[in-house]
Structures are given as C-alpha cells and as structure tokens.
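Worksheet for the structure shown next.
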C-alpha cells in the first residue's frame, strides 16, 4: 500500500490553519508528557543506582527480633550458623545510628574489624590521602562528605567528641573522607574499628547488631534462610533478593501513586480534547461538507483527523521527552526529585545517573499517544458523517 | 444519462417544521446536454442538484445517473460516484480560503492518491486554460472574485467528470465575468460533458447552445 | 510535497537531532563509578542510598523497621499513608513462610 | 497483586479497548440483525455509517495490539526480576496456571483482528458491501475472544504472587518437567525437524499450485510445527546450550533480540498465507500476491533458524 502524502499534507495544512488551537494542545500535551517522563526518569535513575550495588551486599542478613523490635544478637550464634550446610562464612557486624543533636541529624556508624591490611587496596580506591599506619595506632574514623560538612559547621575540623552511653566523651580523629563518587552511598556513613563502636554505643562484647552470611551456591539461599528460621525462630532473615524486590516495589509504588494522580489531570485533558474535537466552528463544518461533496469518503475524513491527532501527539511526545531529559539530567530535576528523596537534612550533592531504556520510552508512549487518539475517534467519526448537502443550501 | 422518476423530497418529515422541497418531479437529461434550471431562490433547484449528485436521498422516487441508481446507493459508493463522475461549482465557490489555488484545485483527487507528475501536469493545463498560472501559489482569500470563480471551475474539472453541476455560478459576478463563465461552459460542452446549471440569472435563458430550460417553481417543474 | 509538510518534517527532524545530541552528550558525560561503589558496599554492607530516607531519622529502613519507609523528621510521628508502605514479602514480614515450591 | 507503571498502562489500554469494543459489539449485533443492502430507509444508512465507526475502532485496537504484545513481553521480563526464581518472561507467564492460555489468546486475537481488517478492506472495495454481515458476525466472535483475553490479562497481573517460587524457563522447557509444555518433548527432535522441513517444502509447492484450501491448511500446520521445532531444536542452537529450550529468552538483549525478528517474520508469513487464502476463497477476484508474500516471509524465517545450527557446526565442527 502506498502512503498518500497528499492526505498527510492536507492534514498538516489544516493543523497550521488552526494554529492557535494546535499550539495550545501541543503545549498542554507536552507539559503532561514532560511531567510524566521526568518522574519516570528520576525513579529509574535512583533505582538503577540501587541495583548496581545490589550484588555486593551480603547475601543473607540475620537479625534478632525481640518484642517486635530489632535487638542485638548473641555472638555465639555465629558458630551454629556456620554449621549449616552451604554456609561459607558468617560474619558478625556492629553498626548503628548516632543522633547528633546540635545539627539534628543521624549518622550511620559502621564498625569494621580493624583497619586491616587486607582492606588496604580497597580503601585506596575509596578514600583520598589515606595513612594506614596512623589509622591503626590512633582512634580514628573515615567519614562521608555529608558528615564532614556537618561536623565542620559545628567547628569539629579534625576530630569529633562522641557522647558515650554513660555520658563520657570519646574523642575520635577524622582521618579522611570518602571520595565523592560514592557520595550517594557514603554521605552519612562513619567508618571506625569495631571496638570503638561497641564503646560508643555501650554494647556488650557478647552481642552484635546482626550477622551476615555468605552462601556458596546462590540457588540455595531460600533453603538456607528457611533452615535459619527453623533454627532460631526469633530471627528475621533478609536475603539479597528481598532487597531487590523491595526496591522494585517501592519505586513502582511511588511512580504508581504519581501515575494515579497523573491520570486525573490527563483525563481532564483528554476530555478537553474530546470536546474540542466534537465542537466545530461553522467554517470547519462547511469545509467538511465541501470535501464530502467533492467525493471524499467518511473514511478519508477520519483519516485526516487521525493524522492530525498523530502529528500533534507525536510532536508533543518528542518535545516532552527532550525537555524532560534536559530537566532531569542537566538541571538535575529541581523540586521533582524531592518526591523520591524525602527532606533529608544531610542532603548529598549527587548527580542522577543517566539511564534510559527502551521500556520506559514504550511505557511513555502507551500512556499518552493511544489515549489521545482514542479521545478523538468518536468525535471525528461524528464530524465525518455530517450531511454534505448543507453546502448546497 | 440522468433520469429522475417521481421524485419527492420532504425535509423534517413528520415534524412540525415539515417542508416539501420537491414534488413528483420527472426529468430526463441526455448525454452531452446543457440544461438550465430556472427559478427563484427557494424553488427547489439546489435540492434537485444535490439529489442528482447523491449528496442527499429523495424521500420518494428514484434517480438513475449513467445507469446507476444513485438514490439507492450506500454512502461510500456515493462518494466514489461523485469522485469519478461529478464536478461541482458552488454558489459561493466554497473554496478553502487558507489554501492556495493549487491545493484547492487538487482537493477532489487527494483521496485516490494520484501520481504526482500526472497531477501536476493536469493542474498546469487547467491553470493555463483559465489563465491563472501566475496565481498558482497565492492563497485563495487574496484572489479576486473572478479568479476565485476560475479556480472553482478548475477544481470541478480536475477529476475529468462526465457531469458538471453548477449552483448559481454567477450570483457574485458582474456581467463581464458572467459572460466569460458562459463561454467556458460552451467550451466544456464541446468536450462532451453533461452540464446542469441552476440559476435565476437572465443571461442564461437565451443561450444558443442550451438544450433544455427547465422552469422550477415551489418544487414543481 | 507542500511547503508546510516540508516545514513540519524539518521540524520533526530538528527535534530528533536535538534528542540525539542530548542522548550522546549524556552517554558521554555520565559515568556510574560502578566499581568504586561496589567496593564501598562490600566494606560497609548496608543497603539503601543516603537519599531515600530522611537521613536525620533513620537509614537502611530494610534493616530496621518492617513497615515504615519515609519519615520526615525525628520529631514527627508516623502517619498514613506517606510513611507507610505495604509489606512485600513473607520472608520479610517475618510471618510463617508460605514459600511454595512449584515443580 | 502489584501496580507497576507498566501494569497501570496495560490496564488503562485494556479499559479503553473494552469500552470501545463494547460499543462496537452493540453496533455489530445491530448490523447482523438488521443489515439489508436492498432496504433504503434511514436505519440502513445509519447502520452503514456506524459500520465505519466499528471498522475505525477495530483498526485502532489492532494497530495498538501489535506493539502492546511486545510491551507485554517486556513487562513480564521486568517482573521476572521481582518474582523469585523466574529468570525471564516464561517463568512469570507460567507462574499462573492460565498464563499459557493468555499467550495463546493474545496470538489468536492478533490473527483474528488482522484478518478482520483484511476482510474489511476487501469489503469496502465492493459496492454492494456483500461481506458486511459476515464481517460483523466475525467481530462478535472476536469480541468474545478479546474480552476473554482482557479478563485473563487482568486476573493474570492481579494474581501474580511474589512469595511463590516459580520455575525458571530452564526447568519449564526441559525433558523432565511435567508442565503443560512437556508433551512436546515426547517428540524426537529428528522427527520434528524432518516434519518442519517437509511442511516447508509442501508450503513452497502449494504456493506454486495456488490452491487456497491447501495453502491455508499448510500455513496453519507450518505455524505450529515452526513453534515446536523452535522449542525443541533451533532454540538450543541460538543459546548454544543443548538443554535450554526456552522460547522467550532469545527475546532478550544477550541474543540481540533475534526472537522479535523470528516471531515477526513467522507471524507475517503465516498470517498473510492464512488470511489471503480465506479472502481468496470468499472472493475470487481477490489479488493473488499473498502467495508470494507468505512464501517470502516464511522463507526468511526458515533461513534464519537454519542458519543457527549451520553456523554452529561450521564454528565448532560438531552438532549439539
């Protein structure tokens, strides 16, 4: 079948003839598409940021629950966990939150066994100007950029005095800061040797925050977590794939909530389109009468209307995506990204990573263009079946 | 060629504003004839023309054009019938004022997706024939009445129709232009076309190449 | 082809080229630092970003509270529905597992 | 049950389809009951105008359904990340008992809607619109199928269960499984391949004989054997794994999306064969170029699937 470019040309010229109306529709439709695609782009970017590090997380985390709350777990359970078939290693961890009242923020303090040589290579990539010898000798910590900034605002340049559980002060030296490339992950983190963390939090030496497991065969993870639940009924077992699912769900949920609100405004817009397409000026009515008298079929007139709608929606689609890309990735989505970020006081200055997949484009397409075209089907049919003999009167 | 049998057309039938436009009309027009429908406005001329062109259907009776019962045709077929057989010249020209002459002239051929080269050649001959070649790209709303009239005639000829229907073609023209129009009609008749003109302009009543003059009054012949 | 169609086509073409330039620019300037981030996570072992929480209250919601996700400040009580989400997995909800195995 | 933006999009479109097709369905019933070309009353003319609306609606639905099918596979692929154990769309689709039926209905509906449009195009060329009654009777059936598909699709998404551990395609499409696919694996692959090429050569022969009923039947058989042999034999060469039989995984990027190419050529080839034959049987004047088109696309399909084992043999010197 040959494409009838005369018909398309006629549709284009009739769009231009009603330029004010067309521009108005393109403007509104572009804004809608822009809003929708910005939200989807932001959520995709943050999701991607989470997913790229997912495989480095511990495969299984075992936590103890007491009275429905998280409680510290006995270190003696490590040996029992290690005896389970398939468990390669079980490492007790100590970490927690430290509320810094002056600034009203929470830091996440993470303990590591010690600044061991085995970490040396890793650390050199993550931390600038690191002096390993000093780390080992003195009580010192590595902090994230956000922590560093808050501390220096409160005149702690080189060290910080933690208030221990018993009210005494514990002075710890800031030895270095994590590189800014990891700021999204490291912003609120304070990393220090485990014994210091235990000291600050006033925890018993026999208990840890949780235990992380490494499993030889990833396929066995569900079976092993089932066994752990049977062994210690008071524990919560979090697997790596639980985290993946929860991320996916939260972002789908957030964009879904947004979409539900979006549908309302989109629906209003499509009602306007329906209305505009049904109510014709006498000039337009006469025009269609003439065309029919000249031998145009109902189908031909519907085709014209369809081409018009497609051109309008396609241009709006392209424009909306171009503006949204610019807004999200070059301007870094001011205002809108707060929907996903919350109102953290330790706001990291980060870049939304650029992610664009075919599926998002597909999704945007299906949520906009077909619905627009659906809104004009019945009005354009009604226009097209008008009696043509009126032009003769 | 064109045959009307017992045609009655009633608008708004069985309603309070019922109006009988045509009553029991019988009419026969042979091929290559020029027919003038004469009558005051409101006498049913336009209604009869729109019935012949299958723009509307008679309430009663039957119309046969070129062997086809156009009064019984389905909507789609009537469009095809008009596209292939009929050229229209409307009272107010009914050009699309924001398109240029060329675009107006090709309107009837657009749905059948014509070949670009042939179409351009055809349009150029028509433009030349009516000496409006220099107005090809100008918007219709910037043309004078006579030029618009010529564009309208050119448009009616683009699909090479057998039948040309003109409804009050000279109503908005001065005498000189009306005479010019009559000359054009004569030329078209020589090209073996059947022409029907509805008018109350006395200029048409004494034409030597006119075959029938049909007087209409209140829906009667 | 009429003049208007020509304008429109060139406009669409223009839009496409803007889009391409934009995409090329972004592909060339944005880098994810995947390796460094993975190194960091390997040491710290905590999930979540420092943004998706109100970092003044709690981080790593997946390791602390079962239901609440986004709270706005330590002073605020949790309220429905902004700070709640449904629970996604039985493993996670800590209810007796209904894991079903299908052959 | 979970609402991702993708699922919301699919639901929205389904609701639009449902709304329009109910509209079209009511008109169709009217047309089937009252259509009479010889009548010349207002009702008949009104019906004709309405039939154009129905045709527009059906074209709209069909044109969207084609890319929507791909989008559905995309979505299922995405959800596979959330559902434990599912590696690709196959796992997701088969985590629900009627998942396979949903797919069958989707493909069937694509065929029927496409056929309807071809029929409609032929009908509008006829001045008497003699096929109109048949056309709208077919639509009434197609409407039922569409409704079933939409109900299936909605209940499919709402009954997806994240806690359920499903089988990955690797086990689903394996000899040992007891899934709904397993009957295929009772067929020895040599017979299936022999049959596949036999059917294809018959198809070539029949396309030169130009006998519509034969061509119709052979195209249907070809479609089925092509799918079976793809799962049994050719798939393993695409993955270069003797045990991997999944018909979905090659839709993914690792295999350069070759699956879309395969399915699209197979669809066009068999669709033009089937619909062309039926139309030709209905109306003798119909153009006969569908033989060529069907043969061309089916041959492209056969060429692609044949190339995989041959290239593998040339590279490695052994068969799988």
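Protein chains in written order, with our numbering: chain V, 1 to 393; chain W, 1001 to 1221; chain Y, 2001 to 2103; chain R, 3001 to 3320.
For each residue, glycine too, the CB sits at the ideal point set by N, CA and C.
Computed from a predicted structure; not experimentally measured.
Next item on the list: Could you tell me which chain W residues have their CB closer than 7 Å to the CB of residue 3049(R), listed as they occur along the chain?
Entry: 1075
Next item on the list: Output yes if chain V places a C-beta closer than 7 Å to the C-beta of residue 1079(W); else output no.
Entry: yes
Check: Buried or exposed: where does residue 3254(R) fall if 16 or more other Cβ atoms within 10 Å of its Cβ makes it buried?
Finding: So residue 3254(R) ends up on the exposed side.
Note to self: Given this structure, state the Cα-to-Cα distance separating residue 1118(W) from residue 333(V), to the nearest angstrom.
What the structure shows: If you take the alpha carbons of residue 1118(W) and residue 333(V), they lie about 55 Å apart.
Next item on the list: Please decide whether residue 7(V) counts as near chain Y, where near means a Cβ-Cβ distance under 7 Å.
Entry: no
Notebook entry, point to check: What distance in whole Å lies between the Cβ atoms of residue 371(V) and residue 3012(R), which are believed to be in contact at a cut-off of 8 Å?
Noted result: Yes, residue 3012(R) and residue 371(V) are in contact; Cβ-Cβ is about 7 Å, under 8 Å.
Item checked: Buried versus exposed call for residue 120(V) [16 or more other C-beta atoms within 10 Å across all chains shown] -> exposed
Check: In its own chain, which residues sit with a C-beta less than 7 Å from the C-beta of residue 3148(R), not counting the 5 before and 5 after it?
Finding: 3105
Checklist line | Alpha-carbon spacing of residue 379(V) relative to residue 146(V), whole angstroms | finding: 57 Å
Notebook entry, point to check: Would residue 3077(R) be called buried (16 or more neighbouring beta carbons within 10 Å of its own) or exposed?
Noted result: buried
Item checked: Three-pair Cβ contact test at 8 Å for the stretch 2004-2013 of chain Y versus the stretch 323-331 of chain V -> no
Next item on the list: Measure the Cβ-Cβ separation of residue 3247(R) and residue 3264(R) and say whether it is below 7 Å.
Entry: Their beta carbons are not under 7 Å apart, which means residue 3247(R) does not touch residue 3264(R) by this criterion.
Notebook entry, point to check: DSSP on residue 1041(W), reduced to helix/strand/coil?
Noted result: coil
Notebook entry, point to check: Looking at chain W, which residues of the stretch 11-42 of chain V have a Cβ within less than 9 Å of any of its Cβ atoms?
Noted result: If the cut-off is 9 Å between Cβ atoms, the stretch 11-42 of chain V has 13, 14, 16 and 17 near chain W.
Check: Across which residues does DSSP place residue 66(V) in a beta bridge pair?
Finding: 69(V)
Note to self: Taking CB distances under 7 Å as the criterion, tell me whether residue 3127(R) reaches chain W.
What the structure shows: Residue 3127(R) counts as touching chain W.
Check: Name the chain V residues whose beta carbon is nearer than 8 Å to that of residue 1027(W)?
Finding: Neighbours of residue 1027(W) on chain V: none; closest Cβ ~17 Å, over 8 Å.
Next item on the list: Would you check if there are 3 or more beta carbon pairs closer than 8 Å linking the stretch 3057-3071 of chain R to the stretch 357-375 of chain V?
Entry: yes
Note to self: Going by C-alpha to C-alpha distance, which of 364(V), 389(V) and 337(V) sits closest to residue 45(V)?
What the structure shows: 337(V)
Item checked: Sequence-distant residues of its chain with Cβ nearer than 8 Å to residue 419(V) (five each side left out) -> Residue 419(V) lies beyond the stretch modelled for chain V, which goes from 1 to 393, so this question has no answer here.
Next item on the list: Report buried or exposed for residue 1149(W), applying the criterion of at least 16 other Cβ atoms within 10 angstroms of its Cβ.
Entry: buried
Next item on the list: Determine, using beta carbons only, whether residue 57(V) comes closer than 7 Å to chain Y.
Entry: True, the Cβ-Cβ gap to chain Y drops below 7 Å.
Next item on the list: Check whether the Cβ of residue 325(V) lies closer than 7 Å to any Cβ atom in chain Y.
Entry: yes
Item checked: Beta-carbon gap between residue 1037(W) and residue 1198(W) smaller than 7 Å -> yes
Check: Going along the stretch 1059-1075 of chain W in order, which residues come within less than 7 Å of chain R, judged by CB to CB distance?
Finding: Those residues of the stretch 1059-1075 of chain W that come within reach of chain R (Cβ to Cβ, closer than 7 Å) are 1072, 1074 and 1075.
Check: For residue 1172(W) versus residue 1146(W), is the C-beta spacing smaller than 7 Å?
Finding: no
Check: Taking the C-alpha atoms as reference points, what is the distance between residue 3024(R) and residue 3053(R)?
Finding: 8 Å
Notebook entry, point to check: With distances taken from CA atoms, which of 3010(R), 3293(R), 3033(R) and 3320(R) is nearest residue 3238(R)?
Noted result: Ranking the options by Cα distance to residue 3238(R), first place goes to 3320(R).
Check: With a CB to CB cut of under 7 Å and the five nearest residues on each side skipped, what residues in its chain are close to residue 1091(W)?
Finding: Excluding sequence neighbours, residue 1091(W) sits near 1167, 1168 and 1171.
Next item on the list: Mind listing, in chain order, the continuous alpha helix (DSSP H) runs of no fewer than 4 residues lying wholly within the stretch 210-244 of chain V?
Entry: 221-231
Notebook entry, point to check: I think residue 3140(R) touches residue 3032(R), with their Cβ atoms under 8 Å apart; what is that distance to the nearest whole Å?
Noted result: 7 Å
Next item on the list: Assess, as a yes-or-no matter, whether the stretch 3310-3318 of chain R is touched by the stretch 3285-3292 of chain R under the definition of 3 or more beta carbon pairs within less than 8 Å.
Entry: no
Note to self: What would DSSP say about residue 203(V), mapped onto helix, strand or coil?
What the structure shows: Residue state, collapsed to three classes: coil.
Notebook entry, point to check: Does the distance from the CB of residue 171(V) to the CB of residue 159(V) come in under 7 Å?
Noted result: yes
Next item on the list: Determine the burial state of residue 295(V): buried for a count of at least 16 other Cβ atoms within 10 Å of its Cβ, exposed for fewer.
Entry: buried
Check: On the three-state DSSP scale, how would you describe residue 27(V)?
Finding: helix
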